[in-house]
Amino acid sequence: MVEVHPERFVAVTVPARLGPSVRLVTDRLRTPFFVLFQSEEIVIVALEGEWGREAHFLPGARAERGFRLITLETSPDNSPRLPEILARMHPAGIHARPLSAFHRDHLLVREEEVAAATEIVAAAVEEYRAQNAT
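Written out as structure tokens, the structure is:
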């Protein structure tokens with residue numbers, strides 16, 4: 052199953068030194084949201100509306116707006132891996148940020164690329180299922 056979340060998302064980059072404040076902000080976010088810890092910074096992916104409510108708690112944060120979230124139900128027998136899907140997107144000029152969760156994988160895609168990205172994901176899933184049908 053491939054689903055496009057109806058709301059827009061934002062990717063927020065925060066200096067790692069603000070880690071305690073990030074925890075307070077993310078405690079107030081509803082799902083889906085993601086927190087990616089990198090060496091010098093923390094990236095929060097959240098709904099744009101929620102970020103608007105919380106932005107003032109993280110001074111110095113850089114927000115990139117205009118993303119959509121594509122969700123892919125994952126299991127070994129019904130879906131391709133994210134690297135395979137990303138390899139199909141690259142030649143089409145689509146840059147997606149992979150976000151993995153326990154039972155689902157997600158792709159954060161610019162709003163203007165979401166239709167093309169969704170077609171690529173759906174085609175990859177169908178091809179994978181056809182190749183792995185028993």
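Those letters in the sequence shown? Residues 52 to 185, per my numbering, in order. The beta carbon of each residue, even a glycine, is placed where N, CA and C say it ideally should be.
Review point. For E105 versus T64, is the C-beta distance shorter than 8 angstroms?
Key: Their beta carbons are not under 8 angstroms apart, which means E105 does not touch T64 by this criterion.
Review point. Any contact of the segment 174-182 with the segment 144-159, i.e. 3+ C-beta pairs under 8 angstroms?
Key: At 8 angstroms Cβ cutoff, the stretches do not touch.
**Study point:** Residue from L69, R59, A168 with nearest C-alpha to R119
**Key:** When only C-alpha atoms are compared, the closest one is R59.
Review point. What residue does the beta strand (DSSP E) around E54 start on, and which one ends it?
Key: Residues 53-55.
Practice item. State the Cα-Cα distance for the pair P57 and A184, rounded to the nearest angstrom. Key: For P57 and A184, the gap between their C-alpha atoms comes out near 31 angstroms.
Check your understanding: What do you reckon, are the CB atoms on R155 and E135 nearer than 8 angstroms?
Key -> With respect to the 8 angstroms criterion, R155 and E135 are not classified as neighbours on the basis of their beta carbons.
Review point. Where L137 and L69 are concerned, what is the direct C-alpha to C-alpha distance, given to the nearest angstrom?
Key: L137 and L69: Cα-Cα distance of roughly 31 angstroms.
Check your understanding: Under 8 angstroms between the Cβ atoms of I121 and V55?
Key -> Between I121 and V55, the CB-CB gap stays under 8 angstroms.
**Study point:** Whether R81 touches E101 by CB criterion (8 angstroms)
**Key:** In this structure, R81 places its C-beta atom within 8 angstroms of the C-beta atom of E101.
Review point. Quick one: Cα of L109 to Cα of A147, how far?
Key: Those two C-alpha atoms are separated by around 25 angstroms.
Review point. Considering only C-alpha positions, which residue in the set V53, S90, V73 is nearest to V96?
Key: Ranking the options by Cα distance to V96, first place goes to V73.
Check your understanding: Over what stretch of residues does the beta strand (DSSP E) that includes L87 continue unbroken?
Key -> It spans 85-88 - the beta strand (DSSP E) in which L87 sits, taken as one unbroken run.
Exercise for review: Please name the residue in A114, V165, S151 whose C-alpha comes closest to that of M140.
Suggested key: M140 has its Cα closest to that of V165, out of A114, V165, S151.
Review point. Nearest-angstrom Cα distance between V94 and F88?
Key: Taking the straight line joining both Cα atoms gives about 7 angstroms.
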